[in-house]
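Counted the way the numbering used here counts, the sequence shown spans residues 2 to 265. Note that beta-carbon positions come from the ideal geometry of N, C-alpha and C, so glycine has one too. In this text the structure is predicted, and so the values were computed from the model without any measurement. Here's the structure we're looking at; comments come further down.
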Amino acid sequence: MLEQVKRIILVLSGKGGVGKSTVSTQLALTLKEKGFKVGLLDIDLCGPSVPYILNLEGQDVHQSAEGWVPVYMDKEQRLGVMSIGFLLSSRNDAVVWRGPKKTAMIKQFLADVCWQDLDFLVIDTPPGTSDEHITVMENLRQVPHCSAIIVTTPQQVAIEDVRKEITFCRKTGIPIMGIIENMSGFECPTCSECTNIFSTGGGKSLAEVSKIPFLGSIPIDPRVGKLAGEGKAAVQELPDSNTSKVFTEIAIVLGDLVHNGSSS
C-alpha cells in the first residue's frame, strides 16, 4: 500500500555493523518529532533490531481488512513500525530461510501493510546487495519519490563496500540522497571533545568523488547509545549533540522535498 506514502527512504550499507539500524530509527524518530507522519519498515529478516532499539519487543501485529496493522509508538499514530521481529516468539529465534521465502516475506511487507497516509516510509535494510535488496528495488522501481541514504564508517574496508552499494543503486535506478559517515570519532560525554579513534573523512571523500551529497558525520556518543532500547529521539533528549544536529539537518532537507513535491 505504498501509494499512500509521499516519500520512501531506503537506508543502505554495504557492510554490517555500521549503525544502519540506529540511523534508521533516529531518522524516523526525528521526522516524527518534526511533526511528520512516519512509517519504519525493518526488512533485515535475519537480524531485526528495530523492535529492540525502539523498546517495542513483545508487541503484537494484527491483521485488518486492509492488511497488517503496524505497531504504533504513540497514541496519535505518527510513527508506525513493522518488523519480522514482531512475528517471532523470542529475540533469540533465528530466521533460517532460503532466498524465495525471504523474497515472499519482503513482498508481503511492501504490499500488505496498512500504513494509511504517510509523509515518509523509512526502510531499514540488511547489509550488502543480496536477494532482499533486489526484491525491494524491483518492487519500488515504479514508486515515485523513492531515494536512498547510504551509511558508512570511516574505515577503508567499509568505504570499499559502500562503493559497491553506490554502484548497486545506480544500476537499479534508485536515486541516492546522500552519504552519512557514522562512528566518526568518539565524542566525550563530559567535555564534548571528539577523538578520531578510527579515522575520519572517508565518507565525505567518497561523497565528493562519487558526486553524491554528504549528509554529515555522526560521532560515537555514549549518551546516544543509551537511547537504544528506550525508543527516544536524540533530537528530543540531546538537542545540542552533534548527532541531533545531523538528523535535524536531514529532516529539514526531507521536509522541503515533501512540501515542494520534489522527486530528487
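Asked, Found
"In the DSSP assignment, the beta strand (DSSP E) including H146 goes from what residue to what residue?", "Looking at the DSSP string, H146 is not in any beta strand (DSSP E), and its letter there is neither H nor E."
"Under 8 angstroms between the Cβ atoms of T154 and N197?", "no"
"Nearest to E58 by alpha carbon, out of K246, K16 and G230?", "G230"
"Going by C-alpha distance, which of Q5, I177 and F87 is nearest L55?", "F87"
"At 3 residues or longer, what runs of the beta strand (DSSP E) sit wholly inside the stretch 39-115?", "39-43, 63-65, 68-70 and 80-84"
"Is the number of C-beta pairs between the stretch 240-254 and the stretch 26-37 that are closer than 8 angstroms three or more?", "yes"
"Give me whichever residues DSSP pairs with L122 in a beta bridge.", "I9 and G40"
"Can you have a look at R8 and say buried or exposed, based on whether 16 or more other CB atoms are within 10 angstroms of its CB?", "buried"
"Would you check if the distance between the CB atom of I266 and the CB atom of L207 is smaller than 8 angstroms?", "The chain is shown only over 2 to 265; residue 266 falls outside these bounds and no answer can be derived."
"Since I believe V62 is in contact with V51 (beta carbons under 8 angstroms), could you give me their beta-carbon distance rounded to a whole number of angstroms?", "V51 to V62, Cβ: 13 angstroms. No contact."
"Do K165 and T130 have their C-beta atoms closer together than 8 angstroms?", "yes"
"Applying the criterion that 16 or more other CB atoms from any shown protein chain within 10 Å of the CB defines a buried residue, is C47 buried or exposed?", "exposed"
"Where T168 and P49 are concerned, what is the direct C-alpha to C-alpha distance, given to the nearest angstrom?", "25 angstroms"
"Go ahead and pull the three-state DSSP assignment for L228.", "coil"
"From this set, C115, T136, S90 and D118, which residue's C-alpha is nearest K102's C-alpha?", "T136"
"So what does DSSP say about P190, is it helix, strand or coil?", "coil"
"Identify whether T153 lies in helix, strand or coil by the three-state DSSP scheme.", "strand"
"Using CA atoms only, rank isn't needed, just tell me which of F110, V152 and P127 is closest to C141.", "This sequence places Leu at residue 141; Cys is not what is there. Cα-wise, what sits closest to L141 is F110."
"Cβ atoms of S185 and T201: under 8 angstroms apart, would you say?", "yes"
"Would you grab the beta carbon distance between V39 and W69 for me? Rounded to a whole angstrom, and I think it's under 8 angstroms.", "Rounded, the Cβ-Cβ distance is 17 angstroms, inconsistent with contact."
"Should S245 go down as buried or exposed, given a rule of 16 or more other Cβ atoms within 10 Å for buried?", "buried"
"Just how far apart, CA to CA, sit Y53 and W98?", "22 angstroms"
"Output yes or no for whether 8 angstroms exceeds the beta carbon distance between V82 and L122.", "no"
"Indicate whether G20 and V152 have their beta-carbon atoms separated by less than 8 angstroms.", "yes"
"In this structure, what does DSSP give as the bridge partners for G217?", "I181"
"For C195, collect the residues of the same chain with a Cβ closer than 6 angstroms to its Cβ; drop the 5 residues on either side in sequence, then sort them by chain order.", "G186, E188 and P220"
"Helix, strand or coil for T196, going by three-state DSSP, please let me know.", "strand"
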